[in-house]
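Notes to accompany the following structure.
Numbering (my numbering), first residue to last: 30 to 291.
Okay, structure coming up:
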């Protein structure tokens with residue numbers, strides 16, 4: 030109970046600092062725009078704000094955001110599911126870990142643009158962002174799950190073996206509670222990458238609806254304020270997803286107990 034007021038105070042302080050930082054960024058942006066004095070290169074915040082709010086009244090804006098959100102959630106969800114299974118298998122089995130280690134290393138070293146360009150040769154434009162997101166987020170999930178398993182208390186593992194717990198029971202009672210903080214940390218990182226990859230893939234693949242598609246079309250039309258406005262939309266989408274992720278986590282008791290570590 031005593032910690033609740035302190036956490037509220039920390040949140041208020043964090044919110045005030047974030048607002049101060051945002052105000053500083055916008056102020057520096059306005060000064061830089063005035064110094065450049067070329068709206069085609071750097072439009073002022075006020076012009077970008079007008080462009081953004083004009084988009085809110087358009088049906089196509091919401092369709093673009095909805096399609097981008099769907100692609101991001103789909104790519105993230107697939108990477109989370111597949112990465113979780115592979116991570117558990119690799120963490121518990123040395124041969125599987127040895128098999129996947131070079132694969133994960135190659136994927137992590139591959140530039141995002143290379144992944145997108147290759148995906149363009151293999152898939153339809155709407156599928157390219159989903160595949161690209163999956164491939165970029167997959168190694169993050171796998172590595173964090175493996176780390177969580179490796180960090181499991183050896184005494185707990187020995188106790189599970191001595192009591193003769195079957196593998197399934199050992200996994201649920203010993204390993205999963207140990208890896209949860211690592212899984213959540215990996216998921217947060219992967220979710221942060223998701224929107225960067227999705228939008229970048231949409232910029233190159235230009236599906237019918239998408240935030241990245243609209244950025245590319247605005248850039249081709251030399252509508253710089255619109256490029257910035259769609260960038261704001263992408264940032265807000267990312268912030269919304271992170272907030273939603275935290276909200277879902279708070280529904281689980283173990284998350285509230287370990288809130289500071291997650």
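We treat Cβ as the ideally placed atom computed from N, Cα and C, and that holds for glycine. If you're wondering where the values come from, they're calculated on a predicted model, not measured in any experiment.
Three-state class that DSSP yields for residue i in the structure shown
| i | result |
| --- | --- |
| residue 73 | coil |
| residue 45 | helix |
| residue 112 | helix |
| residue 271 | helix |
| residue 288 | Residue confidence is low: residue 288 scores 45 on pLDDT, short of 50, so the model does not pin down where it sits. Its coordinate-derived value is still stated next. In the structure shown, residue 288 sits in coil (DSSP, three-state: anything other than H, G, I, E or B). |
| residue 67 | coil |
| residue 182 | coil |
| residue 122 | coil |
| residue 50 | helix |
| residue 237 | coil |
| residue 252 | coil |
| residue 87 | coil |
Outcome for residue i when other beta-carbon atoms lying within 10 angstroms are tallied against a minimum of 16
| i | result |
| --- | --- |
| residue 269 | exposed |
| residue 56 | exposed |
| residue 253 | buried |
| residue 288 | Because the pLDDT at residue 288 is just 45, under 50, the model does not fix this residue reliably, and the value given afterwards should be weighed accordingly. So residue 288 ends up on the exposed side. |
| residue 168 | buried |
| residue 51 | exposed |
| residue 138 | exposed |
| residue 199 | buried |
| residue 122 | exposed |
| residue 145 | buried |
| residue 42 | exposed |
| residue 262 | buried |
| residue 276 | exposed |
| residue 178 | buried |
Run of the alpha helix (DSSP H) containing residue i, from where it starts to where it stops
| i | result |
| --- | --- |
| residue 279 | Careful: residue 279 lies outside any alpha helix (DSSP H) and carries neither H nor E. |
| residue 232 | 205-234 |
| residue 153 | Residue 153 -> no alpha helix (DSSP H), and no H or E assigned at all. |
| residue 140 | Run containing residue 140: none; DSSP gives neither H nor E here. |
| residue 240 | 240-249 |
Cβ pair residue i, residue j closer than 9 Å
| i | j | result |
| --- | --- | --- |
| residue 228 | residue 215 | no |
| residue 221 | residue 173 | no |
| residue 108 | residue 163 | yes |
| residue 171 | residue 103 | no |
| residue 84 | residue 255 | yes |
| residue 140 | residue 226 | no |
| residue 165 | residue 205 | no |
| residue 105 | residue 219 | yes |
| residue 246 | residue 264 | no |
| residue 238 | residue 93 | yes |
| residue 79 | residue 59 | no |
| residue 202 | residue 81 | no |
| residue 266 | residue 160 | no |
Residue i beta carbon near the ligand GTP (any heavy atom closer than 8 Å)
| i | result |
| --- | --- |
| residue 47 | In the structure on display, the ligand GTP does not appear, and there are no ligands present to speak of. |
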